[in-house]
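Report on the structure given below.
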Amino acid sequence: CAKETTESATFVYRGTFVHSTQQTALQILKDALLGVDLSIFFQSLPLSSQFSQLKVISFICHKAVFFGLLHSSEFFMPGLVDTHIHASQYSYAGTALDMPLLQWLNAYTFPVESCFKDLEFARKVYTQIVRRTLRNGTTTACYFATIHTEASLLLGQIANDFGQRALVGKVCMDRNDCVKHYKETLQDSQDETCRFIKELLEKKYPLVKPVVTPRFAPSCTGALLEQLGEIAKNNNLHIQSHISETHEEVKLVKELFPESESYTDVYRKHNLLTDKTVMAHGCHLSDEELALFRETGASLSHCPNSNFSLCSGVLNVRNVLKHKVKLGLGTDVAGGYSASMLDAVRRALDASKVLTIQDPKYKTLSFEEVFRIATLGGSQALSLDDQTGNFEVGKDFDALRINVAAEGGPIDLIQDEEPKILLEKFLNLGECHFLFAPENLSLM
Ligand code: GUN
Ligand code: FE
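Numbering (our numbering), first residue to last: 177 to 620.
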């Protein structure tokens with residue numbers, strides 16, 4: 177579908193491209209050409225954010241300025257999309273995994289999150305997590321911050337400065353019986369959410385958007401949920417929260433919201449289930465609840481490392497897909513100990529194998545299916561698929577250049593392998609080491 181372009185400059189990449197489409201989990205384009213519109217690149221934006229704004233175009237014009245020729249061990253794939261990650265919990269990632277969810281929140285999470293009142297501490301942790309996730313190949317992240325507005329705004333600024341596409345949420349919670357100093361009043365939560373949204377939008381960051389973030393139903397009064405639903409609706413905003421992660425939590429929600437038919441019904445009643453909502457976990461949702469997700473267009477974030485680490489449950493991904501609910505993958509740092517989406521891919525494959533071990537009739541997910549969930553699925557779950565998730569013409573060029581046989585890397589190739597094998601090896605064995613320069617996108 178060639179289209180004449182008057183743009184003055186184009187990057188042309190030649191090589192193998194692997195990505196997912198609506199029709200197929202893995203499309204491989206061998207020895208293909210991909211043109212990237214550089215007009216934005218030459219405007220005077222900071223280097224990092226320019227880079228993430230390159231657009232895939234359909235016609236390669238004669239003014240092409242660069243050919244990225246690739247080796248046979250290299251390919252391009254879409255950037256990984258982390259649909260659920262707590263930036264504020266990165267300081268204790270890899271520790272404190274010895275308790276179930278509700279005790280874990282009180283013992284570790286709330287005390288650590290309360291430290292983000294200190295902006296210098298916040299700056300340190302938020303810089304580390306944004307750098308780390310970018311190094312790991314996460315080009316889009318959907319972040320929980322903490323209840324602190326200033327620190328949450330700082331996370332937005334840091335993501336923008338490093339050129340990471342991000343949804344950033346100031347956490348809202350007006351109920352906390354255990355760590356009493358880590359909660360807000362109803363009024364403060366409302367006012368500060370509005371201030372956070374207004375101030376983040378005023379910055380006009382090209383890649384960063386606010387997301388309305390009730391922590392989860394047990395941390396919020398019905399009045400707060402109601403207010404947050406209103407705020408999201410009036411401003412057409414994204415919404416994120418947690419749902420049905422553990423049995424104990426589901427039971428607690430039943431006690432706290434006896435008038436609701438289900439956990440999902442609590443969010444639905446408060447206008448928090450929309451086509452811009454992403455809910456983490458959903459391990460214990462009923463078929464009726466999944467049908468509500470489908471009806472409202474809300475999506476799920478599958479966080480298998482966290483589900484294993486906190487012994488929360490195992491999401492039945494086949495059943496979610498059968499109900500046609502949008503699904504992405506998340507690291508859920510620090511319930512999940514790894515900030516790498518490659519780890520999330522491997523744990524998702526493990527989770528599906530656990531279900532097959534329990535019931536041999538359960539069809540294990542293929543690596544191609546999990547690849548789609550980690551890229552296009554994630555962008556759909558975050559309603560960002562008009563901009564990112566694959567290499568369709570018109571989308572932004574959020575791409576990873578993978579060299580499976582990089583010197584000193586974890587993979588040895590005995591012979592030239594087909595791209596499908598290269599991708600499978602990369603997903604199972606690879607490591608990412610993104611280097612912070614547009615010229616040097618190489619990953620191993
Ligand atoms: N539910 C409510 N808050 C949290 C959190 O911080 N992490 C996880 N995994 N689940 C939650
Ligand atoms: Fe979480």
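For every residue, glycine included, the Cβ atom is placed at its ideal position computed from N, Cα and C.
Q) Between Ala208, Lys293, Thr303, Thr316, which lies nearest to Lys385 when the distance is taken from Cα to Cα? A) Your numbering for residue 385 matches position 209 in the sequence shown. It is Thr316 whose Cα lies nearest to the Cα of Lys385.
Q: Could you give the DSSP three-state label for Ala283: helix, strand or coil?
A: Sequence index remark: in the sequence shown, residue 283 carries index 107 (1-based). Helix, per DSSP.
Q: Please state if the CB of Gly511 and the CB of Leu486 are separated by a distance shorter than 7 Å.
A: The count along the sequence shown starts at 1 and reaches residue 486 at position 310. The count along the sequence shown starts at 1 and reaches residue 511 at position 335. Contact: yes.
(Q) Quick check: is any heavy atom of ligand 1 less than 6 Å from the C-beta of Phe484? (A) Taking the sequence shown and counting its residues from 1, the one referred to as residue 484 is at position 308. Checking the Cβ of Phe484 against ligand 1 gives no.
Q) With 16 other CB atoms within 10 Å as the buried threshold, where does His418 fall? A) Here the question's residue 418 lines up with position 242 in the sequence shown. When all chains shown are included, His418 counts as buried.
Q. With respect to 6 Å, is the separation between the Cβ of Arg523 and the closest non-hydrogen atom of ligand 1 below this value?
A. Here the question's residue 523 lines up with position 347 in the sequence shown. Checking the Cβ of Arg523 against ligand 1 gives no.
Q: Take the Cβ of Cys608 as the centre, count every other Cβ of all protein chains shown within 10 Å, and call the residue buried at 16 or more, exposed below.
A: Against the sequence shown, residue 608 aligns to sequence position 432. Residue burial is scored here from C-beta neighbours: Cys608 has at least 16 other C-beta atoms within 10 angstroms and is therefore classed as buried.
(Q) Let me confirm a value: Thr182 is counted as buried when at least 16 other C-beta atoms fall within 10 Å, else exposed. Which label applies? (A) Locating residue 182 in the sequence shown gives position 6, where the first residue counts as 1. Model confidence at Thr182 stands at a pLDDT of 46, short of 50, so the residue's coordinates are unreliable and nothing is read from them.
Q) Going by the C-beta, is Phe286 closer than 6 Å to any heavy atom of ligand 1? A) In the sequence shown, counting from the first residue as 1, residue 286 sits at position 110. Not under cutoff, so the answer is no.
Q) Among residues of its own chain, excluding the 5 on either side of Gly270, which ones have a beta-carbon nearer than 7 Å to its beta-carbon? A) Residue mapping note: residue 270 aligns to position 94 of the sequence shown, counting from 1. Hits under 7 Å: Tyr513.
Q. Excluding sequence positions up to five away, which residues of its chain have a Cβ less than 8 Å from the Cβ of Asp561?
A. Here residue 561 corresponds to residue number 385 of the sequence shown, with the count starting at 1. Only Leu552, Ser555 meet the Cβ criterion.
Q: Give a yes or no on whether the C-beta atoms belonging to Leu383 and Arg341 are separated by under 7 Å.
A: For this step, residue 383 is matched to residue 207 along the sequence shown. For this step, residue 341 is matched to residue 165 along the sequence shown. A contact, by the Cβ cut-off of 7 Å.
(Q) Looking at the secondary structure, which residues open and close the beta strand (DSSP E) in which Ser417 lies? (A) Residue 417 sits at position 241 when you count from the first residue of the sequence shown. Element bounds for Ser417: 414-419.
Q.
Helix, strand or coil for Cys354? Go by DSSP, reduced to three states.
A. Counted from its first residue, the sequence shown places residue 354 at position 178. If DSSP states are grouped into helix, strand and coil, Cys354 belongs with coil.
Q. Around the Cβ of Asp350, are there at least 16 other Cβ atoms within 10 angstroms (buried) or fewer (exposed)?
A. In the sequence shown, counting from the first residue as 1, residue 350 sits at position 174. Buried, since its Cβ has 16 or more Cβ neighbours within 10 Å.
Q: Go ahead and pull the three-state DSSP assignment for Thr397.
A: Translated into positions along the sequence shown, residue 397 becomes position 221. Thr397 falls in the coil class under three-state DSSP.
Q: Give the C-beta separation of Leu404 and Val387 to the nearest angstrom, bearing in mind that I take them to be a contact with Cβ-Cβ under 8 Å.
A: Counting from 1 along the sequence shown, the entry for residue 404 is found at position 228. Counting from 1 along the sequence shown, the entry for residue 387 is found at position 211. The pair is not a contact, with the Cβ atoms about 11 Å apart (cut-off 8 Å).
(Q) Between the alpha carbons of Asp337 and Val306, how many angstroms are there, rounded? (A) Along the sequence shown, read from residue 1 onward, the residue named residue 337 stands at position 161. Along the sequence shown, read from residue 1 onward, the residue named residue 306 stands at position 130. Using only the alpha carbons, I get a separation of about 10 Å.
(Q) On the CB-based measure, 16 or more other CB atoms within 10 Å of its CB, does Ala178 come out buried or exposed? (A) Taking the sequence shown and counting its residues from 1, one reaches residue 178 at position 2. Residue placement at Ala178 cannot be trusted, given a pLDDT of 33 that sits under 50; what the coordinates show is reported in the next sentence. Burial call: exposed.
Q | Pairwise C-alpha distance: Lys452 and Ser542 | A | Locating residue 542 in the sequence shown gives position 366, counting from the first residue. Locating residue 452 in the sequence shown gives position 276, counting from the first residue. Near 27 Å, if we compare the C-alpha coordinates of Lys452 and Ser542.
Q: Under 8 Å by Cβ, that's how I've got Ser488 and Cys459 pegged, so tell me the actual separation to the nearest angstrom.
A: Here residue 488 corresponds to residue number 312 of the sequence shown, with the count starting at 1. Here residue 459 corresponds to residue number 283 of the sequence shown, with the count starting at 1. Ser488 to Cys459, Cβ: 6 Å. Contact.
Q. Apart from the five residues on each side of it in sequence, which residues of its chain come closer than 8 Å, Cβ to Cβ, to Val212?
A. Numbered from its first residue, the sequence shown carries residue 212 at position 36. The answer, listed in chain order, is Thr186, Phe187, Val188, Tyr189, Leu230, Lys231, Val232, Ile233, Phe573.
Q) If you check the beta carbons only, do Ile415 and Leu377 fall under 7 Å apart? A) As a working note, residue 415 is residue 239 in the sequence shown. As a working note, residue 377 is residue 201 in the sequence shown. No, Cβ-Cβ distance for Ile415 and Leu377 is not below 7 Å.
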